[in-house]
Amino acid sequence: MAFTGSKAKSADQLGYALRAIEVQQIKKATEHLLGICNGLIADARIEPSEVHFLQTWLADNAGLRDRWPGSAITHRIDNILDDGLITQAECIELLDTLRSIVSTDFSDTGSAAPNCPAVPIEDDPSIFFRDMTFCFTGRFTWGSRATCERATLALDATVVDSVTQRLDYLVVGSLIEPQWAHTTFGRKIQKALSYKDDGHDIIIVSEQQWIAALEDIARKS
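In numbering that gives the first Met the number 0, the protein residues as written are 0 to 220.
So, in structure tokens, the structure goes:
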């Protein structure tokens, strides 16, 4: 049924109101999730029972599963439970992920730790996948580097191991060490910056920006 005049305006206003309520609910649930993460990392370890608790909580709050940080936690937990076993190494990786998520806002500073020098992340980049070339560096909350690369390859992009003049995107993992500038991880960033200074169109993006691009494609498909 088509609306005209004041009826159409009322329908628009109702839609805006419902969207505002949804946004507020998501914000509140996200704050709750961050509180849970803070509680889980307080004793500096993650137990298998806590992995299952997070899985259940996210299933009950499905609206967060495709939004950061819920998407990153969900993906990490799905990887842990994929083989039916929860190892100590996987619990440590989840602990690192949760610590990263509740620390300094990576999307604002380019740094996952308060004392890290900021990574020169592009502000609000447009990220495309088909026929684009990506390189990944650092450690990722979303999963292993290989997992991130496979997700990118599935969208008809190319993934390379090193930074070259032909690179389109350098994706920086959000688990950053305080001395990142002196690591291989840092040297890739510095090389990309050097090429940018020479006029090459390399875009340095954060893991969160890359995840948001994946989620955008998933919503549209």
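Idealized CB from N, CA, C, for every residue including glycine.
Item                                                                                                                                                          : Value
May I ask whether a heavy atom of the ligand ZN can be found less than 7 angstroms away from the beta carbon of residue 212?                                  : What this structure holds is no ligand at all, so the ligand ZN is not there to describe.
Report yes if the C-beta distance between residue 25 and residue 53 is below 8 angstroms; otherwise report no.                                                : no
The beta strand (DSSP E) with residue 91 in it runs from where to where?                                                                                      : Run containing residue 91: none in the beta strand (DSSP E); it sits in the alpha helix (DSSP H), 87-101.
Cutting at 7 angstroms between CB atoms, please list the residues of its own chain near residue 212, excluding the five before and the five after it.         : 126
Let's see if you can read the secondary structure: which residues bound the alpha helix (DSSP H) around residue 169?                                          : First-last for residue 169: 168-171, but that is the beta strand (DSSP E), not the alpha helix (DSSP H).
What is the residue span of the beta strand (DSSP E) that residue 133 lies within?                                                                            : 132-136
Report yes if the C-beta distance between residue 142 and residue 75 is below 8 angstroms; otherwise report no.                                               : yes
What would DSSP say about residue 205, mapped onto helix, strand or coil?                                                                                     : strand
Hey, quick one: how far does the beta strand (DSSP E) through residue 157 stretch, first residue to last?                                                     : 157-159
Just grab the DSSP bridge partners of residue 222 for me.                                                                                                     : It is not possible to answer for residue 222, since the shown part of the chain is limited to 0 through 220.
What does the Cβ neighbour count give for residue 107, buried or exposed, with the cut at 16 atoms within 10 Å?                                               : Note that residue 107 scores 42 on pLDDT, short of 50, meaning its location in the model is unreliable; the coordinates nonetheless yield the value given after this. Residue 107 should be labelled exposed.
Decide yes or no for the touch test of the region 150-168 against the region 87-101: beta carbon pairs closer than 8 angstroms, at least 3 of them.           : no
By Cβ distance below 6 angstroms, which residues in the same chain neighbour residue 157 in space, the five residues on each side in sequence not counted?    : 132
Using the rule of at least 16 other Cβ atoms within 10 Å of the residue's Cβ for burial, across every protein chain shown, is residue 187 buried or exposed?  : buried
Spatial neighbours of residue 70 within its chain, please: C-beta separation below 7 angstroms, excluding the five flanking residues on both sides.           : 64, 210, 214
Of the residues 145, 144, 135, 149, which one's Cα is nearest the Cα of residue 163?                                                                          : 135
Find the nearest neighbour of residue 216 within the set 40, 128, 58, 30, judged by alpha-carbon distance.                                                    : 128
Would you kindly work out how many angstroms separate the C-alpha atoms of residue 200 and residue 85, rounded to a whole number?                             : 42 angstroms
Taking the alpha helix (DSSP H) that residue 79 falls in, what are its first and last residues?                                                               : 69-80
Ignore the nearest five residues each way along the sequence and tell me which others in residue 192's own chain have a CB closer than 8 angstroms to its CB. : 119, 203
Can you tell me which of 124, 140, 197 puts its alpha carbon nearest to the alpha carbon of residue 169?                                                      : 124
Which one of 51, 42, 23, 29 has the shortest CA to CA distance from residue 232?                                                                              : For the chain, the structure presents residues 0 to 220; residue 232 sits outside this window and is missing.
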